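Input: a single structure, listed below in structure tokens.
Residue numbers (this note's numbering), protein chains in the order written: chain H, 5 to 350; chain V, 5 to 350; chain Z, 5 to 350; chain F, 5 to 350.
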């Protein structure tokens, strides 16, 4: 049995980890870390866990935790893990970081977009970017996995095959993303109050959102050269789900069927990627609560462009689910263990 | 492996059965029945099932189905099962009926409230009312189980111990219930359009809702004499969930702690009933997607009344989940098999 | 032109006052008071007011405000107005208080339910309870109007005629109320975050909600003797709207038509009270954004009870709209001035 | 007093016309046309109008209506008005068509995108495209106004100044639009049921949506040459509101301030266009229920592109509000009459 600790267990991503690990047959949560709710019963904060755990929240004590746990999930604010990272931690247990601290290889880019000094840049090189479908092999042996962001997972997986195959002009990519509110976290902010978000659509972080360089870095690897994207996130009045609609200019003369074949070449054997039939569009409701990402695309002969769409649950494939998928890889388990949830609809 | 057939597999309750049975280790769906979508791929209608089944919907053919299946779930309009019920069906397989056809023992009461002639009253006597926590033993050997309604499951389980123990005046019961919209089914009606339901609260079926006699019959058994209730259902702008707030006059001088002890006496060992701590109130979000019902109550010394609250997911404990629970009992399985879902929040 | 000041202009009720007064032909807001946003542009906080006002928020300065204004609306936390009330204020301008400070005549009851010491009890006697349909005449000459609460307006208006006429047993009243989230205010609390409230129904403040004594006091006046009620508020996932479903035992043998006649006797000439046709149920969507309250009822011959339903917009008839209605009365204007909004649907 | 008739008064756009005209001081609705609800009380279908009209719905009788009315609004399915249009109609009253029948000058383009034969192409030339801010002068004298679509109003007004001034590459325009559900109309379709739409984001009509050629035609006029756009509509879980996020490549080296000046040049005097301050993003909540459109933009020096955002209420500025604005122009009234609604928030 893998002993797992969660730092930040009372945020939405941390709570989703708790939910998923509850039904994992090879792992159990032995540490619900929460500074804000130290010593409170976890099920008093997340009532869905009533009867499922008697655990009380524990304050941060990474040293102690690393002795008790086989793996630590950090679902913490940007900068936290970098500020406490040290060799001793990684030598005693595996770490899967749901923050952005170790996702970006160029520390200057990190510091520029995040406006934070990186406190332990020496571990960046070692960290493996935990996008399972792309980096599966290196994840298996990693000590430190940088779990990808929600927007980024959806954006990268949706565009990766087209960039890799050179089907689209690498400098033409525009990503318009729509997210449910849980992505904003559980902090008590006026902007996230029910009445502020309900019955509203808005863009935010236009041209400055921190997921931009993460998308650019990974797609640049695929392209074999640097590229830049326009990325615009939007807030939609729903709890969960990210829908990415991406646009690019075609470099090759392809039709919908040929494009779908390219997706199948990369994802045909991927359990968690569902390449939709021609003419279907991803919808967030069909992936809610599950680790799936649904993808489809449509070629526009009129303008020489392609529209690519991807949908996932930001808390699962976009956060906790992918983290568990990474854990499964790191511990030699079936990649799907604990992730068999059928999407919940309606 | 239990072979299960679903008649009405493309309604919301039928689709929830499909979802739950997908993760059931001892049962599999071998028949997705749907008149409206015959010959269409099931995952084309319920996109959450993409990649999880290649099945196509089949027209109703009860005879053929009863030969192929060990158990049939009928998630069908009122009157359907009664119109096709016959001894041959029950002798070849078990039937769990999610409609109301066999819930009410007095056929006149059924016909009066449902405005339908009952076409096979001779099977009413044999049918077992499938409220697992109350009728567990008789369910085990039943050939025909009448799966309780959503409002009724919530209302009865919330009030049963107090009625049974004579704590409340049996003639004082008022049940004010609030339901999510999935309870209204998937029929294309103007009243259930997004814009009609969203940002709205309303009562409906005031004093005429068909779940009234079902609640009255079951609580009368508990009381040992006939009783009547006032039952008012409301439609709330959300997908899932029923919250019952019930009121009654106290016959005994009890406090909150004593009342909670009564609940624990009946439900302390029940896995799917969570009796909340004093001072906590059930919320539908904490049971969403799961088979739990959360219950609590509060005594009002000022007025001599008690307020009882219960919350469940109308599609799970209020329909498909309880149906699976019944199947588990009927086939000698662990009652919890396939029902281990942690409630999904947020 | 009536010069109006709003203390607490950046809360939801204050903002609704700003919206309503914008279209009022005889009044204008000359003071947007807000401690939290002092010196910020009002339209930067409430973007709906962009282009409609260039005002900046001003810190509390009641003395200065009372010199500049003809009427002050206080949309402030409980206890604020009581703590600053003095004769000088009332002698220089009228005050309409949207808080509860001067609603309850018995200061002990106030202090017991609100857990606050009342700092200026000597003004309680003078304050007029601003339920326009009941106290119209005394409101006209009042210097200080206690604007009723949202739940209380809906509860009292729904039950008043039946209590006044002795149709129902005064000790049998149960009020089950459902409110949109704007009633909880704009404070940054985890409990009111989108993801906490969305897809959820819950009761709260069970048996302890502060609107209870306010309802009891007013209905006691109608009954001519003291009465107590059970009052249970619920939070529904929507922005606006309160639906009250009330239950009582009938003392007289009446039918639906006779009861409707009683309502018409009291409200037939009331512009803002819409007594629905028999068989119709109030829905919050039909009053959204307007100052209407819709009322209907249904007699239950089976149990000897009556179900009464009322719906209003908590921010309009339940707060700012009624406040403007009170202002109109106090200044001798047409009671409907500025309140002609057709409910917004969908 | 202008006598107005509405054909299709029981759809959402028709009902919004009824709401707006109720508060119009120079016009009144004398004909609520509805085939589906002929002879039913209008306020029984739209309960918000209770007490505001006693009218009953009337079947279509254009001849009779044209004799009684000064202006007819047709809020009808595509093809209806074209099928009944004749000189006699236009010579007896003005017509404002909320359908697409007379929006597109090239009848072949209409027939190709709408898959309908146009039954009265001879009136297309005469019809004036009723985008008030662009075509104000020609609207004043028009007999037949083609009221623009919701997506198109938002898209065109958001991009018009940049296209007209040649700031952007006319062949680089990508429009990603998000709409509330009321845009889908009040037809009873499974796809628009609450549970299907709630908690979901999806694109639809990808590359085939009928508003595409309408946007292209109008922007081509602005560009002085033909252009094509990629247009992707999305459905968001909310009642009202359209948010357009558009992308284009910059042809000129401009900064945010210069771009804003261009917008002010075109819209600085427009009452219903609010050009936001630099750094602000339009949000649908700030325009809900009103005739405003909010616009802003942001230059991306990194990629040489610009992001333009526009928000309006699809039922008001995107349909009924603009129709009233057109009527005001056609009858020589203040353009703002009846359109003074402050946006409703929350």
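Glycine is no exception: its CB is placed at the ideal position from the N, C-alpha and C atoms.
Model, not experiment: these values are computed from the prediction.
Check	Outcome
Just the Cα atoms here: how many angstroms apart are residue 287 of chain V and residue 249 of chain V?	11 Å
Taking only runs of the alpha helix (DSSP H) that begin and end inside the region 103-175 of chain F, which ones reach a length of at least 4 residues, in chain order?	111-118, 136-144 and 154-168
Which residue comes first and which comes last in the alpha helix (DSSP H) that contains residue 213 of chain H?	No alpha helix (DSSP H) contains residue 213 of chain H, which DSSP labels as neither H nor E.
When Cβ atoms are compared, which residues of the region 183-195 of chain V fall closer than 7 Å to chain H?	186
Is any beta-carbon of chain Z found at less than 8 Å from that of residue 16 of chain H?	yes
Quick one: what's residue 353 of chain Z bridged to in DSSP?	Past the boundaries of the shown model lies residue 353 of chain Z; chain Z is included only from 5 to 350, so the question cannot be answered.
Could one say the Cβ of residue 199 of chain F lies closer than 8 Å to chain V's Cβ atoms, at least one of them?	yes
Note the first and the last residue of the continuous beta strand (DSSP E) segment covering residue 182 of chain F.	178-183
Could you tell me the alpha carbon to alpha carbon distance between residue 347 of chain H and residue 189 of chain H, rounded to whole angstroms?	22 Å
For the region 205-212 of chain H and the region 238-246 of chain H, state whether three or more C-beta atom pairs, one from each stretch, are separated by less than 8 Å.	yes
Could you pull the DSSP bridge partners for residue 254 of chain Z from this structure?	Z:172
Just curious, the beta strand (DSSP E) that residue 239 of chain F is in, first and last residue?	234-239
Can you pull the chain V neighbours of residue 202 of chain F, defined as C-beta to C-beta under 9 Å?	185, 198, 201, 202, 241, 242 and 243
What does DSSP give as the partner residue(s) for residue 316 of chain Z in the beta ladder?	Z:246 and Z:297
Sorted by chain position, which residues of the same chain lie with C-beta nearer than 6 Å to residue 158 of chain Z's C-beta, five sequence neighbours on each side aside?	246, 248, 314 and 316
Could you check which residue in F:200, F:309 and F:264 has the C-alpha nearest to that of residue 253 of chain F?	F:309
Going by the CB atoms, is the gap between residue 100 of chain H and residue 156 of chain H shorter than 8 Å?	no
Between the Cα of residue 273 of chain F and the Cα atoms of F:114, F:137, F:8 and F:255, which residue gives the shortest distance?	F:137
Looking at the C-beta of residue 338 of chain H, does it have a partner C-beta in chain F at a distance below 8 Å?	no
Taking only the alpha-carbon atoms, compute the straight-line gap between residue 196 of chain H and residue 195 of chain Z and give it to the nearest angstrom.	11 Å
With DSSP run on the structure shown, which of helix, strand or coil describes residue 90 of chain Z?	coil
CA-CA distance, residue 151 of chain Z and residue 278 of chain F?	35 Å
Exposed or buried, which one is residue 265 of chain F when buried takes at least 16 other CB atoms within 10 Å?	exposed
Ends of the alpha helix (DSSP H) at residue 264 of chain F?	260-271
What are the start and end residues of the beta strand (DSSP E) that includes residue 201 of chain F?	Not the beta strand (DSSP E): residue 201 of chain F falls in the alpha helix (DSSP H), residues 198-201.
Please report the distance separating the alpha-carbon of residue 280 of chain V from that of residue 298 of chain V.	7 Å
Does DSSP put residue 305 of chain Z in a helix, a strand or coil?	coil
Under a Cβ-count criterion, where at least 16 other Cβ atoms within 10 Å of its own Cβ denotes burial, should residue 29 of chain V be classed as buried or exposed?	exposed
CB-CB under 7 Å to residue 320 of chain F, same chain, minus the five flanking residues each way: which ones, in chain order?	20, 293, 294 and 295
If you follow the alpha helix (DSSP H) that residue 23 of chain H is in, where does it begin and where does it stop?	16-26
For the alpha helix (DSSP H) that contains residue 60 of chain V, what are its first and last residues?	That residue, residue 60 of chain V, is in no alpha helix (DSSP H); it is neither H nor E in DSSP.
Who are the Cβ neighbours of residue 139 of chain V in its own chain at under 7 Å, not counting the five residues just before and after it?	132 and 133
Using 8 Å as the limit for Cβ to Cβ distance, is residue 307 of chain Z near chain V?	yes
Of the residues F:124, F:166 and F:92, which one's Cα is nearest the Cα of residue 107 of chain F?	F:124
Using a Cβ-Cβ distance under 8 Å, would residue 287 of chain V count as near chain H?	yes
What does a CB cutoff of less than 8 Å around residue 229 of chain V pick up in its chain, not counting 5 residues either side in sequence?	174
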